[in-house]
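What follows is a single structure, written as structure tokens, with notes after it.
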Amino acid sequence: TTRTWDYLGLSATSPKNLLNDTNMGEEVIIGIVDTGVWPESEVFNDNGIGPVPSHWKGGCESGEMFNSSHCNKKLIGAKYFISAFLAENESFNSTESLDFISPRDFDGHGTHVATIAGGSVLSGISYKGLAGGTVRGGAPRARIAMYKACWYLDDEDVNTCSSADLLKAMDEAIHDGVDVLSLSIGYRVPFYPETDVRDGMATGAFHAVLKGITVVCSGGNAGPAPQTVGNIAPWILTVAATTLDRSFPTPIILGNNKVILGQAMYAGPELGFTSLVYPENPGNSNESFSGTCELLFINSNVTMAGKVVLCFTTLKRYSTVSSAAYYVKRAGGLGVIIARHPGDTLLPCLDDFPCVAVDYELGTNILLYIRSNGSPVVKIEPSKTLVGYPVGTKVADFSSRGPNSIAPAILKPDIAAPGVSILAATATNRTFNDRGFIMLSGTSMAAPVISGVVALVKALHRDWSPAAIRSAIVTTAWRTDPFGEQIFANGSPRKLADPFDYGGGLVNPEKAANPGLVYDLGLEDYIVYMCSEGYTESSISQLVGKGTVCSNPRPSVLDFNLPSITIPNLKEEVTLTRILTNVGPLDSVYKVAVEPPFGVQLTVAPETLVFNSTTKRVSFKVRVSTTHKINTGYYFGSLTWSDSVHNVTIPLSVRTQILQDYYDEN
Amino acid sequence: GAQTKVHIVYLGEKQHDDPEVVTESHHRMLWSLLGSKEDAHNSMVHSYRHGFSGFAAKLTKSQAKKLADLPEVVHVTPDSFYELA
């Protein structure tokens, strides 16, 4: 977070901005369901923070290494939910387990996301000199309530969260009076329908949203493949992850004086000129050699001892880097250069072992140097922090992508926020922490950025519904980076980002506070949505607590009043409706501007919307037809209402399907 | 003797504002299924009573099926697990 908020235009030093207009979110309570909290972290100091908001009905629960006195006016809630986890994991030994049977965070993940959403301001923080600056949350005076429902399983070295415990945590959070719920938790494909309680988060979120609580969830880390985005219920605000305009270039200096800038978090001393090797058979040996990173262990120690090793991998997960470093170090090697596809999962290597990532092009350059030189050598310098130009913003490779696999007409993710190499607080027992701070990547880190922004918007507009807040965030998002440069989406290959990568775009907090118009939704709209999706009237009735009769024929999901239009199967002309609510000046006139998707004709009626003291809500219709003669992929465009002060933009995504429900691989 | 697993019994919007009354209704539902107050107490894992109504309980497959057949029950599903993102 030492860069996140300045990058998004929420600088604490600006005399007049959303941060200061809202007293940094002091009256807002952010509930977080995660792995718990490390209460001693300075990010939870309550210096200068006023009394606990009067609507708070929660508290702090004591347990192992945690008592209620760990709470203060910043950390106002801490509870834990373990009953279902214990019932399902009979081998779990709560006495011997590393995790704490209390709200205390063993993993550090919960502490990290809490910092991002609402941590207090702490200057002079870095990771071993990298990414230095001021750590703080999006709403630095907001109150934090931690609901621990995710537990560390020693045997499997993973954290897991039981649906039954999660639901209890959400139920308690609703009772306690949180204003925002932030969940950096997900499920793997295939997903469950929104009304299926197996997706406990969707069920809990539905009831939270009906009570005015905005629920923000991570979209998942299963990218860049399409149809991988999770937490896709239309009442949830689903978040994708981008990079910041920050990187950690690490000079690799070859013996021929060519300087290559790789990426690493190497904070050790400079490694002077050292022999460089790519393990491959010289042609006269019976030994086994491999230059594949995950197979470096088959090389003899002699091959790698005292050298820097170059290897190539097609795998993106971080464990490939850490295991390559381990194999080289075990053999007596001094460093490793990993050539790979960008995976946006940079981490330091254990014991400050030099491990530097490059792409295939630069890796091949190094390989050509090795092969053309009898005694290749290399020098590796410590990583530096590069902020601003020329570092561009990318949707992270790992960030899960749309379209939505349950309801393709509902655009997911909704929005994107920085979630790569974010420096925030953690548990002090966590590997790779530096004085209680760590850099982590994931949509886990992007979701609380949005939670922080929601807290600020909510502080300004207490009466806005979760749907109105979501609309404000989506319709005002940047479709470029904050400096006007286009956002790319990492993947194979890297491409320009589209709504399936980032929803409405990159969150623009300042604009979200004053959107002009919003696409609002309430209980009746969600009922119509569930009718349109074919859910039974009896299950809808029980979900919403009152008798429901769906219209006959059932309504069209295309009319669901989202801040986006997604048509997954356009064949004949369709007409859909949206309703806009004025939240800006009473007397306003908006005109429409459309960027149609390629080969798609759009007509909007009326083309002008007039709002005044008696007309706060106005509907418009969009007629859509295709000129394509074949089944196409998705094409993208946008629809903007503008009064010359506000630009209310929604993404358009249209796929022509002449032959419906058809799949081919030609 | 059948193996029990945690199931979530989801009842939708709560029918009463008093959380104690909501939880009591959950215990009663389990009691009538399992036949004794003590078994119901031992089976109960969580009572959801503030934002919505439902409970988590240790149930066999056949017990879960019996509950699912009750008209006031929306869903009964085995517990499942999420991971950090």
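Chains as they are written, first to last, in my numbering: chain A, 6 to 671; chain V, 7 to 91.
We put the CB at the ideal spot given by N, CA and C, even for glycine.
Bear in mind that the values here come from a model prediction, so they are computed numbers and not experimental data.
Residues of its chain near residue i, where Cβ-Cβ distance is below 8 Å and the 5 sequence neighbours each way are ignored
i	result
Ala272 of chain A	Tyr132, Lys133, Gly134, Leu135, Pro353, Asp357, Pro387 and Ser388
Lys78 of chain A	Asp51, Ile54, Gly55, Pro56, Val57 and Arg148
Asp85 of chain V	Lys11, Val12, His13, Ile14 and Ala62
Cross-strand partners of residue i (DSSP beta bridge)
i	result
Met50 of chain V	V:Ala63
His81 of chain V	V:Tyr16
Thr571 of chain A	A:Ser658
Thr255 of chain A	A:Gly267
Leu526 of chain A	Leu526 of chain A pairs with nothing; no bridge assigned.
Ala83 of chain A	A:Cys65 and A:Met151
Ser593 of chain A	A:Phe616
Val562 of chain A	DSSP, once it has assigned bridges, lists no residue as partnering Val562 of chain A.
Gly500 of chain A	The residue you asked about is not Gly; residue 500 of chain A is Lys in the sequence shown. BP columns for Lys500 of chain A point to A:Ala494.
Arg583 of chain A	A:Phe625
Alpha helix (DSSP H) segment containing residue i, residue limits
i	result
Asn25 of chain A	Leu23 to Asp26
Tyr374 of chain A	Tyr365 to Ser377
Thr480 of chain A	Pro471 to Thr480
Ala37 of chain V	Contrary to the premise, residue 37 of chain V reads as Trp rather than Ala in this sequence. It spans Pro25 to Leu40 - the alpha helix (DSSP H) in which Trp37 of chain V sits, taken as one unbroken run.
Glu177 of chain A	Ser168 to Asp181
Test: residue i CB closer than 8 Å to a CB of chain A
i	result
Lys64 of chain V	yes
Leu17 of chain V	yes
Contact with chain V by residue i, beta-carbon distance below 8 Å
i	result
Thr684 of chain A	Residue 684 of chain A lies beyond the stretch modelled for chain A, which goes from 6 to 671, so this question has no answer here.
Ala230 of chain A	no
Glu529 of chain A	no
Lys216 of chain A	yes
Asp349 of chain A	no
Met535 of chain A	no
Ser168 of chain A	yes
Leu172 of chain A	yes
Ile420 of chain A	no
Glu177 of chain A	yes
Ser223 of chain A	yes
Ser88 of chain A	yes
Glu515 of chain A	no
Thr509 of chain A	Contrary to the premise, residue 509 of chain A reads as Gly rather than Thr in this sequence. Answer no: the Cβ-Cβ gap between Gly509 of chain A and chain V never drops below 8 Å.
Gly63 of chain A	no
Ala401 of chain A	no
His651 of chain A	no
His75 of chain A	no
Thr233 of chain A	no
His212 of chain A	yes
Glu47 of chain A	no
Spatial neighbours of residue i in its chain, beta-carbon cut-off 7 Å, leaving aside the 5 residues before and after
i	result
Pro573 of chain A	Pro408, Pro413, Ala414 and Arg660
Asp159 of chain A	Ser102 and Leu103
Thr630 of chain A	Strictly speaking, residue 630 of chain A in this sequence is Ser, with Thr absent from that position. These residues qualify, in order along the chain: Glu578 and Gln606.
Gln662 of chain A	Asn574, Leu575, Lys576 and Asn636
Gly235 of chain A	Gly191, Tyr192, Phe196, Gly224, Gly225 and Ser405
Start and end residues, beta strand (DSSP E) containing residue i
i	result
Phe442 of chain A	Phe442 to Leu445
Ala344 of chain A	Gly340 to Ala344
Gly113 of chain A	Taken as a continuous stretch (DSSP letters only), Gly113 of chain A belongs to no beta strand (DSSP E), as it is neither H nor E.
Lys626 of chain A	Arg622 to Thr631
Ser647 of chain A	Tyr639 to Ser647
Gln606 of chain A	Val605 to Ala610
Leu127 of chain A	Leu127 to Tyr132
Gly36 of chain A	Ile34 to Asp39
Chain-order list of residues whose beta-carbon lies under 6 Å from that of residue i (same chain, five-residue window excluded)
i	result
Leu581 of chain A	Leu563, Asp564 and Val627
Gly348 of chain A	Lys321 and Asp402
Lys62 of chain A	Asp181 and Gly182
Glu199 of chain A	Ala207 and Ala238
Thr571 of chain A	Ala414, Leu416 and Ser658
Gly340 of chain A	Leu276, Val313, Pro359 and Ile385
Chain D contact for residue i (CB, 8 Å cutoff)
i	result
Lys153 of chain A	The chain labelled as chain D is not found among the protein chains of the depicted structure, namely A and V.
TODO: Mind checking the segment 78 to 90 of chain V against chain A and listing, in chain order, the residues whose C-beta falls within less than 9 Å of any C-beta there?
DONE: Under the 9 Å Cβ criterion, the segment 78 to 90 of chain V contributes Glu78, Val79, Val80, His81, Val82, Thr83, Pro84, Asp85, Ser86, Phe87, Tyr88, Glu89 and Leu90.
TODO: Taking a Cβ distance cut-off of 8 Å, strictly less, list which residues of the segment 99 to 126 of chain A are near chain V, in chain order.
DONE: The segment 99 to 126 of chain A vs chain V, Cβ under 8 Å: Asp112 and His114.
TODO: Return the residues of the segment 42 to 66 of chain V that lie within a Cβ-Cβ distance of less than 8 Å from chain A, sorted by chain order.
DONE: Of all residues in the segment 42 to 66 of chain V, Val51, His52, Tyr54, Arg55, His56, Gly57, Phe58, Gly60, Ala62 and Lys64 have a Cβ within less than 8 Å of some Cβ in chain A.
Open item on the list: By the 8 Å beta-carbon criterion, what residues does the segment 18 to 29 of chain V contribute toward chain A?
Closed with: Flagged, chain order: Gly18, Glu19, Lys20, Gln21 and Pro25.
Open item on the list: Can you pull out the residues from the segment 140 to 165 of chain A whose beta carbon lies closer than 8 Å to at least one beta carbon of chain V?
Closed with: Within the segment 140 to 165 of chain A, the residues whose Cβ lies closer than 8 Å to some Cβ of chain V are Cys155, Val163, Asn164 and Thr165, listed in chain order.
TODO: Taking only beta carbons into account, state which residues of the segment 545 to 563 of chain A come closer than 8 Å to chain V, listed in chain order.
DONE: For the segment 545 to 563 of chain A, which is checked against every Cβ of chain V, the residues closer than 8 Å are Ser546, Gln547, Leu548, Val549, Gly550 and Lys551.
TODO: Closer than 7 Å, Cβ to Cβ, to anything on chain V: give me those residues from the segment 436 to 452 of chain A, in chain order.
DONE: Near chain V, meaning a CB-to-CB distance below 7 Å, the residues of the segment 436 to 452 of chain A are Gly447, Thr448 and Ser449.
Open item on the list: Tell me which residues of the segment 604 to 621 of chain A have at least one Cβ-Cβ distance to chain V shorter than 9 Å, keeping chain order.
Closed with: If the cut-off is 9 Å between Cβ atoms, the segment 604 to 621 of chain A has nothing near chain V.
Task: Near-chain V residues of the segment 265 to 279 of chain A (beta-carbon distance less than 8 Å), N- to C-terminal order - done: Those residues of the segment 265 to 279 of chain A that come within reach of chain V (Cβ to Cβ, closer than 8 Å) do not exist; the list is empty.
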